[in-house]
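Just add 236 to the spot in the sequence shown (first one is 1) and you have my numbering.
Think of the CB as a built atom: it goes at the ideal place given N, C-alpha and C, for glycine as much as any other residue.
Below is one structure, written out as structure tokens, with a few remarks after it.
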Amino acid sequence: MPYEAVIGAEVHAELATLTKLFCGCSTAFGAPPNTQTCPVCLGMPGVLPVMNRLAFEHALKVALALNCHVDPVTFFDRKNYYYPDLPKNYQISQNHRNLGRNGHLDLPVEGRSLRVGIWNVHLEEDAGKLLHPESGQSDSLVDLNRAGTPLLEIVSAPDMRAPAEIDAFMRALRNILLYTGVSDCKMQEGRLRFEPSISLRPAGQKEYGARIEIKNVGSISAVVKAVEYEIQRQTRALDSGERLTPETRLWDDRLGRTVSMRRKETSADYRYFPEPDLVEIRVDETWKARIRAELPELPVPRRLRLQQQLNLGPYEAGVLTDDRALADYFESAVAAGKASPKAVANWVINDVLRILNERQISPVAFPIPPDRLAALAALVETGVIGQPTGRSVLDDMLATGEPPEEIVRKKGLAQISDESAIIAIVDRVLAAQPQVVADWKAGKKAAFNALIGPVMRETKGKANPQVVRQLLEKRLAEQ
Ligand SMILES: [Zn+2]
């Protein structure tokens, strides 16, 4: 039977603040276990939390970027559950009055635009971490450095239908978090986590099937693999007449499959109630307007603007806007007004990106200023140097820090485009190769290429190949 997949996602992003959500402890990653803790985040009795204003503003920024409705009053709730890395036995989160709700994110998927609903955006504290040392030891260890780190949770509507759609959703959302600067999104450090949920229903049916949520997925590609795996597993189960029930499963990246973890809790299991130790937060229009004014141009609108304004293709615009700093670099280079946007885009996508990857640096640390890259692009675009020479000039620019014009001048790299200089060489080559000329006249087209080589050699490769071709054609036609 054909099924339709219904896919949603819960996203957790650790917010980029120096201190935790309700105390002054550092949020820096990688410190020795339990060195970034205090009575508040250790959950000692009698302590009182105080909300981190920056964390709240970060969350507000994302809610606005995702077109959410923001109520004038929001507050925190206690989510009660027992876990060894949660010493208070409850997590301060939001449930009754989420910071943002009913938003949406428009994203480009395979040439069309898909609107994914955002059910809610809310703020909560992260739990600690359990460490399970080498095998042979039965003990587990608790590190509470992460306990109390501000965590943003974004819950999407189940509006996606295919792995490619959740892939695009995750990338678009990550880019918004990076563009707004609210999270560094380092998935390898667990700072950004996606939990997809998948259910299947017979094509055409309105009711949803049993919702399966997947935890512990460490990268965007793993989420896509997990979703693909679940679609296949659930299809097989339903086809064989099995009844699926809602559950939470774990993704095993090594084995490439999901395994059952637990029956899904419902909200009633958590016994949410308003957090009595924190005051409610009033978000007035002035505050919202100030945060909205801080929002940068977001990746998807920027991508569309580059396509329309600079006449770039969707692929080029997509690669360039995938990273805010790279897009900034590109736009500064175009603004230098030296080379066409298309030429600059090619240099950034083919060469700058390659060098950034090789050196493992961000575009901000790229040593060549944007206007100099534009100057290099212009030298090639106007035919002063050829493309391969341009590449070696770029290497020299990286090595010496000199401007491209200076390198071309010092090394005498400029192409010879002057016809009178080239025509003499063309005539000499034609005179020395009567047999090749005869072959060409006899209709052997390949003979033409055999004439280009000697001309290029005589000019030490500096003749503009296009001019050489034109002159050869002209002279042969006259023979
Ligand atoms: Zn603390």
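If I measure Cβ to Cβ from Lys698 and keep anything under 6 angstroms in the same chain, skipping five residues before and after, which residues do I get? Gln651 and Ile652, listed in sequence order.
What's the call for Val309, buried or exposed, on a 16-neighbour Cβ count within 10 Å? By the neighbour-count rule (16 or more Cβ atoms within 10 Å), Val309 is not buried but exposed.
For Glu401, which residues does DSSP report across the bridge? Per DSSP, none; premise fails for Glu401.
Spatially closest choice to Gln272 from Thr385, His340 and Met423, by CA coordinates: For Gln272, the nearest C-alpha among the options comes from Thr385.
Beta-bridge partners of Gln327, as assigned by DSSP: Lys315
Cβ neighbour criterion (16 or more within 10 Å) applied to Phe728: Because residue 728 is not part of the residues shown, which for the chain are 237 to 715, the question remains open.
If you run the structure through DSSP and keep just helix, strand and coil, what is Met396? Three-state result, Met396: strand.
Whose CA, out of Thr522, Ala561 and Gly573, lies closest to the CA of Arg538? Ala561
Should the segment 472-492 be called in touch with the segment 511-527, which here means at least 3 C-beta pairs below 8 angstroms? no
Are the segment 263-271 and the segment 299-316 touching by the rule of at least three beta carbon pairs closer than 8 angstroms? no
Sub-8 angstroms separation of Asn356 and Arg337 beta-carbons: yes
Just reading off the beta strand (DSSP E) that Gly336 is part of, what are its end residues? Gly336 to Val345
Identify, in the order they occur along the chain, each residue of the same chain with its Cβ nearer than 7 angstroms to the Cβ of Cys261, setting aside the five sequence neighbours on each side. Thr255, Gln272, Thr273, Cys274, Cys277 and Gly384
C-alpha gap between Cys421 and Lys297, whole angstroms: 16 angstroms
Jot down the residue ranges of each uninterrupted alpha helix (DSSP H) in the segment 367-455, minimum 4 residues, whole runs only, in chain order. 399-415
State yes or no: is the C-beta of Gly384 nearer than 7 angstroms to some heavy atom of ligand 1? yes
So Glu250 is in the beta strand (DSSP E); what residue range does that whole segment cover? Tyr239 to Glu250
Does the Cβ of Val283 lie closer than 7 angstroms to at least one heavy atom of ligand 1? Incorrect: Val283 has no Cβ contact closer than 7 angstroms to ligand 1.
Sequence-distant residues of the same chain with beta carbon closer than 6 angstroms to Asn331, five excluded per side: Asp313 and Tyr508
Assuming the contact rule is C-beta atoms closer than 8 angstroms, Glu250 and Leu387 should be a hit. Round their C-beta distance to whole Å, please. 6 angstroms
Taking 7 angstroms as the cut-off, is the C-beta of Lys256 nearer than that to any heavy atom in ligand 1? Lys256 Cβ: within cutoff of ligand 1.
Given a threshold of 16 other Cβ atoms within 10 Å of its Cβ, counted over all protein chains shown, does Val459 qualify as buried or as exposed? buried
Taking the straight line between their C-alpha atoms, what separation do you get for Arg528 and Ala301? 8 angstroms
In three-state terms, what does DSSP make of Met633? Here Met633 sits in helix by DSSP.
Looking at Glu552 and Ala581, is the spacing between their C-beta atoms short of 8 angstroms? yes
Give the residues whose C-beta lies closer than 5 angstroms to at least one heavy atom of ligand 1, in chain order. Cys259, Cys261, Cys274, Val276 and Cys277
Would you decide whether Gln327 is buried or exposed? Buried here means 16 or more other CB atoms lie within 10 Å of its CB. buried
Opening and closing residue of the beta strand (DSSP E) in which Ser496 lies: Ser496 -> beta strand (DSSP E) spans Arg493 to Arg499.
Determine the burial state of Asn334: buried for a count of at least 16 other Cβ atoms within 10 Å of its Cβ, exposed for fewer. buried
In whole angstroms, what is the alpha-carbon distance linking Tyr317 and Tyr506? 6 angstroms
With a Cβ-Cβ cutoff of 8 angstroms, do Ser568 and Pro606 count as a contact? Cβ atoms of Ser568 and Pro606: closer than 8 angstroms.
Alpha-carbon spacing of Phe265 relative to Met692, whole angstroms: 58 angstroms
Strictly by DSSP, which residues pair up with Ala699? Ile652
For the alpha helix (DSSP H) containing Gly689, name the first residue and the last one. Ala682 to Glu694
Of the choices Ala363, Ile390 and Asn700, whose alpha-carbon is the least far from that of Gly353? Ile390
Does the structure place the segment 395-403 close enough to the segment 241-249 that three or more beta carbon pairs sit under 8 angstroms? yes
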